[in-house]
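There are 2 protein chains.
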Amino acid sequence: MEPIEAVLEANGRYYGAFEAGDLDGMSSVWEHSERATCTHPGWVTLRGWASVAASYFALLQQGQPLQFLLTQVRPAATGDVGWVSLDENLLGPADGGVTIAALNVFVRHPEGWKMVCHHGSAVAAVLEPGP
Amino acid sequence: MEPIEAVLEANGRYYGAFEAGDLDGMSSVWEHSERATCTHPGWVTLRGWASVAASYFALLQQGQPLQFLLTQVRPAATGDVGWVSLDENLLGPADGGVTIAALNVFVRHPEGWKMVCHHGSAVAAVLEPGP
Numbered sequence: 164m165e166p167i168e169a170v171l172e173a174n175g176r177y178y179g180a181f182e183a184g185d186l187d188g189m190s191s192v193w194e195h196s197e198r199a200t201c202t203h204p205g206w207v208t209l210r211g212w213a214s215v216a217a218s219y220f221a222l223l224q225q226g227q228p229l230q231f232l233l234t235q236v237r238p239a240a241t242g243d244v245g246w247v248s249l250d251e252n253l254l255g256p257a258d259g260g261v262t263i264a265a266l267n268v269f270v271r272h273p274e275g276w277k278m279v280c281h282h283g284s285a286v287a288a289v290l291e292p293g294p
Numbered sequence: 164m165e166p167i168e169a170v171l172e173a174n175g176r177y178y179g180a181f182e183a184g185d186l187d188g189m190s191s192v193w194e195h196s197e198r199a200t201c202t203h204p205g206w207v208t209l210r211g212w213a214s215v216a217a218s219y220f221a222l223l224q225q226g227q228p229l230q231f232l233l234t235q236v237r238p239a240a241t242g243d244v245g246w247v248s249l250d251e252n253l254l255g256p257a258d259g260g261v262t263i264a265a266l267n268v269f270v271r272h273p274e275g276w277k278m279v280c281h282h283g284s285a286v287a288a289v290l291e292p293g294p
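Protein sequence lines, in the order shown, are assigned to chains X and E.
Counted the way my numbering counts, the first sequence spans residues 164 to 294.
Counted the way my numbering counts, the second sequence spans residues 164 to 294.
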């Protein structure tokens, strides 16, 4: 499989595990390392797999299933690292119309591509300049 | 120079150019490609160097200098790709106390490491679960 395809496939497994509330699937998506980082929208960045895993445990256990409509999906790869820039359009009952801008970074391991960074942020309705 | 050091150096040039309002410096930090992406806090993701460059032109021209106190700086690298997870603490007169969670991705080119993705998001005072 070409790197770009493999990165897209790994990216798809991330959202599939999220939608299915599949903790084991989510765990297998991620690189279990100290350098793993995850920034959920509005959160401080969680650093290290233990903290990242705990956040998904909480999120996936909260009961309300999320559905993602992914748009503007732009994969890229250089060597053993790939990344996907995309928009997550959340289709949950309480979240109609919410768009999250996301960047997902993956690293190739012998057993496949693993997510090492996820950064999501809500897109504000009114845009203001900021750093 | 070790990759981690080189990535940190490139990361430092990004914030140095921002603080100095140095458009040429900012331009030289970035990979000028279609895959370049930039998500300023609350913004939609800008994709492609032309859009990214236009945003920095607007931000750096707006006159109010920004100062960044960088904390939780965590660099990593695999092969020709490196990334830095960090907190940007903004010290401008109107921005006291604002913390931006950021992820910066760099790719090694013959002429040095170039930023290919920047994603920043404001850390909310009250954290709520989100994807």
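Beta carbons are placed, not taken as given, at the ideal position from N, Cα and C, and that holds for glycine.
query                                                                                                                                                          : result
Considering only DSSP beta bridges, list what residue 250(E) is partnered with.                                                                                : 234(E), 264(E)
Answer yes or no: does any C-beta atom of chain E fall closer than 8 Å to that of residue 170(X)?                                                              : no
If distances are taken between C-alpha atoms only, which option among 198(X), 181(X), 175(X) comes closest to residue 279(X)?                                  : 198(X)
DSSP state of residue 176(X), grouped into three classes?                                                                                                      : helix
Locate the alpha helix (DSSP H) running through residue 216(X), then write down its first and last residues.                                                   : 212-224
Quick check: is the beta carbon of residue 228(E) nearer than 8 Å to any beta carbon in chain X?                                                               : no
Flag residue 183(X) as yes if its beta-carbon sits less than 8 Å from any beta-carbon of chain E, otherwise no.                                                : no
Return the residue from the list 229(E), 228(E), 270(E), 227(E) that minimises the CA-CA distance to residue 242(E).                                           : 270(E)
What is the rounded straight-line gap between the Cα of residue 263(X) and the Cα of residue 285(X)?                                                           : 4 Å
Please name the residue in 282(E), 244(E), 265(E), 253(E) whose C-alpha comes closest to that of residue 273(E).                                               : 244(E)
Identify the contact partners of residue 243(X) in chain E, using a Cβ-Cβ distance below 7 Å as the criterion.                                                 : 241, 242
Measure the beta-carbon distance from residue 253(E) to residue 231(E) and round it to whole angstroms, keeping in mind my assumption that it falls under 8 Å. : 7 Å
Between 225(E), 209(E), 283(E), which lies nearest to residue 183(E) when the distance is taken from Cα to Cα?                                                 : 225(E)
Taking 8 Å as the CB-CB limit, is residue 215(X) close to chain E?                                                                                             : no
Can you tell me which of 195(X), 181(X), 275(X), 251(X) puts its alpha carbon nearest to the alpha carbon of residue 220(X)?                                   : 181(X)
Grab me the residues of residue 238(X)'s own chain with a C-beta within less than 6 Å of its C-beta, minus the 5 sequence neighbours each way, in chain order. : 167, 170, 171, 247
Following the continuous alpha helix (DSSP H) through residue 279(E), name the residue where it begins and the one where it ends.                              : Careful: residue 279(E) lies outside any alpha helix (DSSP H), inside the beta strand (DSSP E) at 275-285.
Which stretch, first to last residue, makes up the alpha helix (DSSP H) that contains residue 186(X)?                                                          : 186-192
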